[in-house]
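In the numbering used here, the protein residues as written are 1013 to 1134.
For reference, the structure discussed in these notes is given below.
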Amino acid sequence: PMYFLLSNLSFIDICHSSVTVPKMLEGLLLERKTISFDNCIAQLFFLHLFACAEIFLLTIMAYDRYVAICTPLHYPNVMNMRVCTLLVLALWLGGTVHSLVQTFLTIRLPYCGPNVIDSYFC
């Protein structure tokens, strides 16, 4: 189970860094540091998704190590592959719900002014 969780952590880290890096590189190369409102909302959604998923996954990994250290005889029964898969599915579901709520609440804020933001990261 530990390697399954570590592979998920690696995937989340790659996805988390790929949310902002492409726009940052475009801003550095073209010296155009603006982002549209729609792209900002998409970036916000995915940034929250991967950050929340990472926090949930680190919590699951801490629980995995707790069970392995404190109850080593029960570890194979408590943390089998089925439980790990369900926990990972729950973290993606929780991250998606969190991101949808955060994005929805951000969209509902009153905005006045241009729909282009002077930054590559909003």
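Virtual Cβ for every residue (Gly too), placed ideally from N, Cα, C.
- Tell me, to the nearest whole angstrom, how far the beta carbon of Phe1057 is from that of Gly1106; I am working on the premise that it is less than 8 Å. That belief does not hold up - the Cβ atoms of Phe1057 and Gly1106 are roughly 15 Å apart, past 8 Å.
- Query: Going by the CB atoms, is the gap between His1060 and Ser1111 shorter than 9 Å?
  - Reply: yes
- Note down the Cα distance separating Phe1116 from Tyr1087, rounded to an integer number of angstroms. 40 Å
- Message: Measuring alpha carbon to alpha carbon, tell me which residue in Trp1104, Gly1039 and Ala1080 is nearest Ala1063.
- Response: Trp1104
- Can you grab the Cα-Cα spacing for the pair Pro1084 / Arg1077, in whole Å? 10 Å
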